[in-house]
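**Q** For reference, the structure I am asking about is given below.
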Amino acid sequence: MKKILSIAVLLLLFGSTSWALWIDGPVNVGSIDSYTGIHDSVGNSYAEELAWLQSINLIGDDVTLTKYDPPALYDTYETSALNTKVDYTYAMQLTGEAQYFYVKLGQGQIGPVDHFLFENTALSFDWGVIDLSEVLKDIDSLDFTVTIGLISHGGGTGAAPVPEPATMLLLGTGLLGLAVTGRKKFKK
Numbered sequence: 099m100k101k102i103l104s105i106a107v108l109l110l111l112f113g114s115t116s117w118a119l120w121i122d123g124p125v126n127v128g129s130i131d132s133y134t135g136i137h138d139s140v141g142n143s144y145a146e147e148l149a150w151l152q153s154i155n156l157i158g159d160d161v162t163l164t165k166y167d168p169p170a171l172y173d174t175y176e177t178s179a180l181n182t183k184v185d186y187t188y189a190m191q192l193t194g195e196a197q198y199f200y201v202k203l204g205q206g207q208i209g210p211v212d213h214f215l216f217e218n219t220a221l222s223f224d225w226g227v228i229d230l231s232e233v234l235k236d237i238d239s240l241d242f243t244v245t246i247g248l249i250s251h252g253g254g255t256g257a258a259p260v261p262e263p264a265t266m267l268l269l270g271t272g273l274l275g276l277a278v279t280g281r282k283k284f285k286k
């Protein structure tokens, strides 16, 4: 009986808890993604934007393009107290893992260049953080709309998936149960 109780206590000690996180208030979206310096004037159609991306040859011809029009842009702040807003820096939540993404500034006030390519350099690809001050430094009028296009390397290699602790616990418990059952049968 002591053996079973100690095994049960041991399993409970190594068990992981699960919970849901609600994003209500400040969210750490990471650092600012890198502006590649690549910009151009491109048409509005999907085919023209895809051809522009393939002509850059930054990530090869195997490009997957997902358009978000219009994106949900969030203001960014220096601290979690939300008291110091960072000018011209915006965060957007991304639904796909994008190695690169472009920002299109529209309504014709910007000038001849309207597409700007950024590299998603954050540790998490869930958020894209853009600083438009470098892009907009020579522009007088700041009245524009923003559309975002996510660019990912279709044949790219990502990081190896890491199993969840709960999955490993379930697998370990099953293997332990098989070992105990097999040992009992072997003793008889």
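Count along the sequence shown starting at 1, add 98, and that's the number in my numbering.
Each residue gets a CB set at the ideal place from its N, CA and C atoms; glycine is no exception.
1) Compute the Euclidean distance between the alpha carbons of D173 and D185, then round it to the nearest angstrom.
2) Tell me whether the beta-carbon of I154 lies closer than 9 Å to the beta-carbon of L215.
3) I need the boundaries of the beta strand (DSSP E) containing L357, first residue and last residue.
4) Using the Cα positions of I228 and G141, report the straight-line distance between them to the nearest angstrom.
5) Determine the closest residue to I105 out of I130, T265, L171, T271, with distance taken between C-alpha atoms.
6) With respect to the beta strand (DSSP E) encompassing I228, which residues constitute its N-terminal and C-terminal limits?
7) Would you say E217 and S129 are within 9 Å of each other, going by their C-beta atoms?
8) What's the C-alpha gap between L103 and L269?
9) Can you name the start and end residues of the beta strand (DSSP E) that S132 belongs to?
10) Taking G226 as the reference, which of Q191, V233, L108 has the closest Cα?
11) By DSSP's criteria, K183 is part of a beta bridge. Which residues make up the other side?
12) Just the C-alpha distance for L156 and S139, rounded to the nearest angstrom, thanks.
13) Quick one: grab the DSSP three-state call for T164.
14) Taking Cβ positions, are E147 and Y198 nearer each other than 9 Å?
15) Our contact map puts G188 next to L163 with C-beta atoms below 8 Å; I'd like the distance itself, whole angstroms only.
**A** Let me spell this out:
1) Taking the first residue of the sequence shown as position 1, residue 173 is located at position 75. Taking the first residue of the sequence shown as position 1, residue 185 is located at position 87. The straight-line gap from Cα to Cα measures roughly 8 Å.
2) Looking up residue 154 in the sequence shown gives position 56. Looking up residue 215 in the sequence shown gives position 117. Yes, the Cβ-Cβ distance between I154 and L215 is below 9 Å.
3) Since the first residue of the chain shown is 99 and the last is 286, residue 357 is not available in this structure.
4) As a position in the sequence shown, residue 228 is number 130, starting the count at 1. As a position in the sequence shown, residue 141 is number 43, starting the count at 1. Cα-Cα distance, rounded: 22 Å.
5) Along the sequence shown, read from residue 1 onward, the residue named residue 105 stands at position 7. Looking at the Cα atoms, T271 is the closest of the given residues.
6) The residue given as residue 228 occupies position 130 in the sequence shown. First-last of the beta strand (DSSP E) with I228: 225 to 229.
7) Counted from its first residue, the sequence shown places residue 217 at position 119. Counted from its first residue, the sequence shown places residue 129 at position 31. The answer is no: Cβ separation not under 9 Å.
8) As a working mapping, residue 103 is identified with position 5 in the sequence shown. As a working mapping, residue 269 is identified with position 171 in the sequence shown. Approximately 20 Å between the Cα atoms of the pair.
9) Residue numbering aside, residue 132 sits at position 34 when the sequence shown is read from its first letter. Taken as a continuous stretch (DSSP letters only), the beta strand (DSSP E) holding S132 covers 132 to 138.
10) Sequence index remark: in the sequence shown, residue 226 carries index 128 (1-based). Minimum Cα distance to G226 is reached at Q191.
11) Translated into positions along the sequence shown, residue 183 becomes position 85. Its beta-bridge partners are Y175.
12) Position 58 of the sequence shown, counted from the first residue, corresponds to residue 156. Position 41 of the sequence shown, counted from the first residue, corresponds to residue 139. Rounded to the nearest angstrom, the two C-alpha atoms are 17 Å apart.
13) Walking along the sequence shown from the start, residue 164 turns up at place 66. Correct three-state label for T164: strand.
14) For the purposes of this step, residue 147 is identified with residue 49 of the sequence shown, where counting begins at 1. For the purposes of this step, residue 198 is identified with residue 100 of the sequence shown, where counting begins at 1. No; because the gap between Cβ atoms is not below 9 Å, this pair is not in contact.
15) For the purposes of this step, residue 188 is identified with residue 90 of the sequence shown, where counting begins at 1. For the purposes of this step, residue 163 is identified with residue 65 of the sequence shown, where counting begins at 1. Per the sequence shown, the amino acid found at residue 188 is Tyr instead of Gly. Not a contact, Cβ separation roughly 21 Å.
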